[in-house]
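Visitor: Going left to right, the sequence shown walks through residues 1 to 466 as UniProt numbering numbers them.
Cβ coordinates follow ideal geometry from the N, Cα and C atoms, glycine included.
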Amino acid sequence: MQRWVLHIDMDAFFASVEQLTRPTLRGRPVLVGGVSGRGVVAGASYEARAYGAHSAMPTYRALNLVGPRAVVVAPRKEVYAAASRRVFSLIASRVGVVEQLSIDEGFMEPEELVGADAEEVRAWAERLRAEIRAVTGLPSSVGAGAGKQYAKIASDEAKPDGTFVIPAQRQQEILDPMAVSNLWGVGPVTEAKLTAVGIETIGDLAALSEREVEISLGGANGLALWELARGVDDRPVAPRAEAKQISSEHTYPADLTTPAEVDAALRRAAAGAHRRLLTDGRGARTVTVKLRMADFHIESRSATLGYATDDPDTLVATAFRLVRYPDEVGPIRLVGVSYSGLEETLQNVLFPELDRQIVRPEPVETDYETGVSDHAEPAPVTVTETDGMAVAAGWRATQDVHHPEHGHGWVQGTGKGVMSVRFETRATGPGITRTFRVDDPDLVPADPLDSLAWEEWLAAEAAAED
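Spelled out as structure tokens, the structure:
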């Protein structure tokens with residue numbers, strides 16, 4: 001009887017949650033990121049993706065691609081986390097074991113589907129997606145196959161907002177023409193190695209002999225990829241241990257010998273780690289920079305902030321305070337950045353710009369001590385950055401607010417001492433915009449979770465935790 005593993009992926013999750021809770025944004029190209037245009041995109045709606053924008057892209061570049069129709073909103077991690085908990089609690093009520101990979105995706109292996117045919121699996125997945133949509137209002141995509149790898153590939157094929165099933169008897173027929181980069185573990189370096197020996201598709205890799213794989217890709221990792229290409233994936237679906245550290249590192253084919261090369265490598269590693277941090281859904285207190293020299297010895301240095309953050313400018317600025325350069329340590333082969341001290345609760349600081357300033361370290365004579373800490377065409381919607389008066393009054397663009405007469409809303413724009421507020425939540429439908437002075441006493445900051453309008457569910461969740 002065929003084993004069925006299913007992979008669920010919440011479509012454009014951060015942007016979809018923003019469109020859910022701020023109905024005016026539905027159908028618009030939404031970018032989740034810094035409203036000033038700095039930093040990187042944490043999430044992009046499918047409307048924004050149609051212009052070529054995507055997550056992990058510099059925000060300024062995404063804005064250039066999308067143009068004046070783009071709506072940039074600041075991330076609201078607490079809202080995404082609550083939406084994720086509701087989605088996966090619903091899944092858990094239907095499936096015994098869920099392996100949640102991140103805030104917006106996970107594997108499941110329903111016992112009731114053992115031995116089912118493809119149409120039964122498709123119908124089950126469609127019912128699950130419909131229930132998630134009915135309960136939360138959020139779209140999702142589900143893929144199904146005989147193992148984790150094939151379920152993940154299937155969910156990519158299902159996007160957006162669909163279901164794709166790969167039956168075991170058609171698995172190689174479907175997979176063989178696909179690019180080999182679809183397999184887990186095939187990054188740019190491995191893909192380049194495979195391309196150099198004429199391997200471009202999954203079928204090309206599957207057709208190699210075991211000896212050819214060992215010669216082309218080396219030991220265990222190469223053979224593991226080969227098995228996946230041949231349709232062998234027996235990995236169990238099991239709850240994942242929570243990550244204690246998130247990192248990204250790159251080994252370069254030529255030694256880095258100039259500060260500019262090291263700076264670029266540091267930014268690349270920091271951006272990769274930050275992308276994974278956003279997917280994880282937590283903030284980090286500790287930043288570590290790892291360097292491997294041309295002689296293969298490794299040095300690392302860490303710094304711990306007084307608060308957990310996922311602000312990319314703060315994290316990369318902290319990394320720059322730690323890095324060393326070739327004139328101090330010699331040619332550098334590998335640069336890595338890791339984030340640890342992970343916490344779900346993110347904290348605001350009074351003057352965040354102080355931690356975002358990139359300050360290059362003074363040359364030092366002592367080596368780093370590994371692991372030792374030494375110191376986050378309806379009416380147009382335009383979101384504008386806050387001016388000085390608004391900042392002084394405590395307001396920022398896209399902030400959640402409450403008014404005693406109009407209810408819950410969000411700051412749509414500010415300027416010249418006034419601010420426009422759009423009053424709406426998930427439950428209201430598209431709302432109206434009203435203008436206020438920035439010092440209007442009736443406007444107060446609001447809990448972003450109120451935009452979900454899930455009062456009963458949130459109350460029940462809080463009661464269950466007590």
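#1: Just reading off the alpha helix (DSSP H) that Gln149 is part of, what are its end residues?
#2: List in chain order: all unbroken beta strand (DSSP E) runs of 3+ residues lying wholly within the stretch 223-248.
#3: Rounded to the nearest angstrom, what separates Thr414 and Gln399 at their Cα positions?
#4: If you measure between the beta carbons of Val337 and Ser248, is that distance less than 8 Å?
#5: Tell me the residue span of the alpha helix (DSSP H) that contains Ala92.
#6: Suppose the cutoff is 8 Å on Cβ atoms and the five residues either side in sequence are ignored; what does the same chain contact list for Lys244 look like?
#7: Is the distance from the Cβ of Pro29 to the Cβ of Glu47 below 8 Å?
#8: I'd like to know if the stretch 99-106 and the stretch 59-70 are in contact, where contact means that at least 3 CB-CB pairs between them fall below 8 Å.
#9: How do the stretch 209-223 and the stretch 255-275 stand: do at least 3 beta-carbon pairs fall below 8 Å, yes or no?
#10: Note down, in chain order, each residue of its chain lying with its Cβ closer than 6 Å to the Cβ of Pro23, except the 5 sequence neighbours on either side.
#11: Take Ala83 as the anchor and find which of Arg285, Glu227, Leu452 has the nearest alpha-carbon.
#12: I'd like to check one pair, Gly330 with Ala294: are the Cβ atoms closer than 8 Å?
#13: Which of the three DSSP states is assigned to Trp454 in this structure?
#14: Would you say Lys193 and Asp11 are within 8 Å of each other, going by their C-beta atoms?
#15: Closest to Glu105 by C-alpha separation, out of Trp124, Ala81, Asp255, would be which residue?
#16: Short check: CB of Ala74 to CB of Ala44, under 8 Å?
#17: Report the three-state DSSP secondary structure of Pro58 (helix, strand or coil).
#18: Measure the Cβ-Cβ separation of residue 478 and Val40 and say whether it is below 8 Å.
#19: Nearest by alpha-carbon distance to Gly115: which of Val287, Arg3, Gly306, Leu315 is it?
#20: Do Gly283 and Ala265 have their CB atoms nearer than 8 Å?
#21: Drop a sphere of 10 angstroms on the beta-carbon of Ala238, count the other beta-carbons inside from all chains shown, and report buried for 16 or more, exposed for fewer.
#22: If you draw a straight line from the C-alpha of Arg86 to the C-alpha of Lys152, how long is it?
#23: Alpha carbon to alpha carbon, how far is Ala134 from Val186?
#24: Any chance the stretch 130-144 sits against the stretch 161-172, with 3 or more Cβ pairs inside 8 Å?
Guide: Taking the coordinates as given:
#1: 148-158
#2: none
#3: 11 Å
#4: yes
#5: 77-94
#6: Ser340, Leu342
#7: Cβ distance < 8 Å, so Pro29 and Glu47 count as in contact.
#8: no
#9: By the Cβ criterion, the stretch 209-223 is not in contact with the stretch 255-275, since fewer than three pairs of Cβ atoms, one from each stretch, lie closer than 8 Å.
#10: Sequence-distant Cβ neighbours of Pro23 in its own chain, meaning closer than 6 Å and more than five residues away, are Glu424, Gly429, Pro430.
#11: Leu452
#12: yes
#13: Trp454: coil per DSSP, three-state reduction.
#14: no
#15: Among Trp124, Ala81, Asp255, the Cα nearest to that of Glu105 belongs to Ala81.
#16: Taking 8 Å as the Cβ cut-off, Ala74 and Ala44 do not qualify as a contacting pair.
#17: strand
#18: The chain is shown only over 1 to 466; residue 478 falls outside these bounds and no answer can be derived.
#19: Arg3
#20: no
#21: exposed
#22: 22 Å
#23: 37 Å
#24: yes
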